[in-house]
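K.L.:
Sharing a structure here in C-alpha cells format.
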DNA sequence: AAATGGTTTAACTAAACGGTTAATTTTAAT
DNA sequence: ATTAAAATTAACCGTTTAGTTAAACCATTT
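Protein chains in written order, with the numbering used here: chain A, 3 to 198; chain B, 3 to 198.
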C-alpha cells in the first residue's frame, strides 16, 4: 500500500525529471498523482519544498551509487570495470537522471551544498579516499574520475543529438550502442592504465 | 553600429543561455536589451520564434566548430589533438553552451531535425566523412567521437558539482583544472590509439 | 510643413501559474 | 455514537506571463 505522500513524491519525481524545476507544473504533478492540487501544498508546502524533496532523493541515490563501488578496496583496474558496468546499468534504468542533475545544479549551484550536507556526504571524503586508492598510479585522480563520469554520462545526456546524427533516430540501434559502450569504455581505460 | 534587432538577439542569447527556454522571461530579455517588451514581439513574433533564432545561431556555431576540424584531412592523431585544443578553447569561451544545448534537445528533441536542415548539415555527412577518415583504425568511429565529446564537454556541463566536490568551490583552481584537461585528454586518447 | 512609414512605447488583456481558504469527507480514538 | 484530527476537494486569490493594441516618436519624402 502506498500512502498519498509517496504517490505525490513519485509523481513529482516523474514530472520534475522530465521537465525540470522551471518546466514542471504543480497541476501536472497533481494530475499524475491522481489528486487535487491543494493536496500537494498540504504535504509539501511549496513547489520549492517539493522539488527539494525530489532532488534530494535523486541526488543522494546518484552519488551513493558512484561512491559505493569507488570506495570499495578492490584493485583499481577491477574497480574501474565494476564501476563502468554498474554505473551504466544504473543510468540505463534511469536515463533522465544525469541530464536532470546537470541541469538543476547549473540552474541553482547553491543546491549542491545543501544536498551534500543533507545526504551526509563530505567532499573531502571523495578526494582523500579516491586519492589513497589511486596514488600509486601516476594518474591524476580527479581527471581520471571526471573522465570516467564523462564517458559514461555523456551518451545518455546527449542522446537525442547523437541518436539523430549517428543512428537516424533509430532508438533500438541506440540502445545497442549504449550496451556496447560498457566494453568500449573499459577497454579504453584499461589501455590508458597500462604501465609499459 | 548595432541595430535593435541585433541588440535583441544578443540579449536573448545571454538570457536563454543561462536560464533556458523555460526559465527565461521576455521581460528580462527586454531589460537586458534596454528596450520595451513589445519590441521583442515586433521583431520576433513570439517567444518560440525568438528562442528558435537564438538556438539556431548557437547550435549552428557549435556543430560547425565540431565539423571543421574533423572534416579536415590531417592524420587522425593530429586531427584529434587539434580538435581537443580548439574545442575546449571554444567551450571555455562559451561555457554555458554545452549545458544549454544538452538541456534544450532533451526538452524538445524535435528541434534537432529542424536545426539540422536549417543549418544545412546532413547527418549522413558526419557518418560517411568521419568514417572514411577513420576506417583504417579498428576503432568504432561513433564511440570514438562520443568519447571525445564526453571527455571535453562533461567537465563544463557538470562544473558546479565537480568544483564543489574536488575544488571546494575554488573557481580559479577549477579553471586550472580545465586548462590541464586538454593535455590529459590528448595523452589518454593517444595511448588508446597506439597500435602495439 | 504636411504626409508617410518604419520604429518604439505605455497601457492593456487573457490565460496560466503557485498558493490559500473554507468546507467536506474519511479515519481513528473515546 | 460522538468527537477530534487528518485527509481531501472545489472554488478562489493575487501575481506573473506571453502577447496585443493604439498611440507617440522620428527620420525621410513630398
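Using N, Cα and C, we set each Cβ at its ideal position, and we do this for glycine too.
Give me the Cα-Cα distance between residue 176 (chain B) and residue 106 (chain B), rounded to the nearest whole angstrom.
P.N.:
Roughly 26 Å separates the two Cα atoms.
K.L.:
Does the beta carbon of residue 70 (chain A) sit closer than 9 Å to a beta carbon anywhere in chain B?
P.N.:
Chain B, which has no Cβ nearer than 9 Å to the Cβ of residue 70 (chain A), makes this no.
K.L.:
Looking at C-alpha atoms only, which residue of B:36, B:22 and B:59 is the closest neighbour of residue 121 (chain B)?
P.N.:
Here the closest residue by C-alpha is B:59.
K.L.:
Going along chain A in order, which residues have a C-beta closer than 8 Å to the C-beta of residue 175 (chain B)?
P.N.:
What residue 175 (chain B) touches in chain A: nothing, since even the nearest Cβ is about 10 Å away.
K.L.:
Taking the Cβ atom as the reference point for each residue, do residue 108 (chain B) and residue 161 (chain A) lie within a distance shorter than 9 Å?
P.N.:
Against a cut-off of 9 Å, the Cβ pair of residue 161 (chain A) and residue 108 (chain B) comes out as a contact.
K.L.:
Candidates B:19, B:42 and B:79: which alpha carbon is nearest residue 197 (chain B)'s?
P.N.:
Among B:19, B:42 and B:79, the Cα nearest to that of residue 197 (chain B) is on B:79.
K.L.:
Quick check on residue 183 (chain A): does DSSP put it in helix, strand or coil?
P.N.:
In the structure shown, residue 183 (chain A) sits in a helix (DSSP, three-state: H, G or I).
K.L.:
Provide the residue span of the alpha helix (DSSP H) that contains residue 108 (chain B), from first to last.
P.N.:
That run of the alpha helix (DSSP H) goes 99-109.
K.L.:
Using a Cβ-Cβ distance under 9 Å, would residue 44 (chain B) count as near chain A?
P.N.:
It does not: the Cβ of residue 44 (chain B) has no partner Cβ on chain A nearer than 9 Å.
K.L.:
By a C-beta neighbour count over all protein chains shown, 10 Å radius and 16 as the cutoff for buried, is residue 36 (chain A) buried or exposed?
P.N.:
Its Cβ having fewer than 16 others within 10 Å, residue 36 (chain A) is exposed.
K.L.:
If you measure from the beta carbon of residue 101 (chain A) to each beta carbon in chain B, is any gap under 9 Å?
P.N.:
Taking Cβ atoms only, chain B reaches closer than 9 Å to residue 101 (chain A), which makes this a yes.
K.L.:
Any beta carbon of chain B sitting closer than 9 Å to that of residue 159 (chain A)?
P.N.:
It does; some Cβ of chain B falls within 9 Å.
K.L.:
Residue 84 (chain A) lies in the alpha helix (DSSP H); which residues open and close that run?
P.N.:
It spans 78-95 - the alpha helix (DSSP H) in which residue 84 (chain A) sits, taken as one unbroken run.
K.L.:
Who are the neighbours of residue 245 (chain B) on chain A, taking C-beta pairs under 7 Å?
P.N.:
Residue coverage of chain B in this structure runs from 3 to 198, which leaves residue 245 (chain B) outside it and unanswerable.
K.L.:
So, with DSSP's three-state summary, where would you put residue 36 (chain A)?
P.N.:
Three-state DSSP puts residue 36 (chain A) in coil, outside helix and strand.
K.L.:
Counting pairs of Cβ atoms below 8 Å between the region 176-187 of chain A and the region 140-147 of chain B, do you hit three or more?
P.N.:
Output reads yes: the region 140-147 of chain B touches the region 176-187 of chain A.
K.L.:
Could you spell out where the alpha helix (DSSP H) holding residue 168 (chain A) opens and where it closes?
P.N.:
Element bounds for residue 168 (chain A): 161-169.
K.L.:
Just the C-alpha distance for residue 7 (chain B) and residue 61 (chain B), rounded to the nearest angstrom, thanks.
P.N.:
Taking the straight line from one Cα to the other gives about 19 Å.
K.L.:
Quick one: is residue 119 (chain B) buried, meaning 16 or more other Cβ sit within 10 Å of its Cβ, or exposed?
P.N.:
Counting Cβ neighbours within 10 Å, residue 119 (chain B) comes out exposed, since fewer than 16 surround it.
K.L.:
Taking the straight line between their C-alpha atoms, what separation do you get for residue 169 (chain B) and residue 5 (chain B)?
P.N.:
Each residue's Cα considered, the two are about 43 Å apart.
K.L.:
May I ask you to report which of helix, strand or coil DSSP gives residue 12 (chain B)?
P.N.:
Three-state result, residue 12 (chain B): helix.
K.L.:
Please state whether the Cβ-Cβ distance between residue 18 (chain B) and residue 57 (chain B) is less than 9 Å.
P.N.:
Against a cut-off of 9 Å, the Cβ pair of residue 57 (chain B) and residue 18 (chain B) comes out as a contact.
K.L.:
Pick out the complete alpha helix (DSSP H) segments inside the region 40-79 of chain A, 4 residues or longer, and give them in chain order.
P.N.:
Taking only runs of at least 4 residues, the alpha helix (DSSP H) segments lying wholly in the region 40-79 of chain A are 49-72.
K.L.:
Tell me which residues share the same chain as residue 22 (chain B) and place their Cβ nearer than 8 Å to its Cβ, disregarding the 5 neighbours each side in the sequence.
P.N.:
Within the same chain, residue 22 (chain B) has close Cβ partners 102, 105, 106 and 109.
K.L.:
Among residues of its own chain, excluding the 5 on either side of residue 84 (chain B), which ones have a beta-carbon nearer than 8 Å to its beta-carbon?
P.N.:
Once the five neighbours on either side are set aside, the close Cβ partners of residue 84 (chain B) are 71, 74 and 76.
K.L.:
Nearest to residue 94 (chain B) by CA position, among B:191, B:54 and B:182, is which residue?
P.N.:
Measuring from the Cα of residue 94 (chain B), the nearest candidate turns out to be B:182.
K.L.:
Between residue 121 (chain A) and chain B, is the shortest Cβ-Cβ distance under 9 Å, so that the two count as touching?
P.N.:
No, residue 121 (chain A) lies away from the interface with chain B (no Cβ there is under 9 Å from its Cβ).
K.L.:
Taking residue 156 (chain A) as the query, report the chain B residues whose CB atoms sit under 7 Å from its CB, ordered along the chain.
P.N.:
Residues of chain B passing the Cβ test: 148, 151, 152, 155 and 156.
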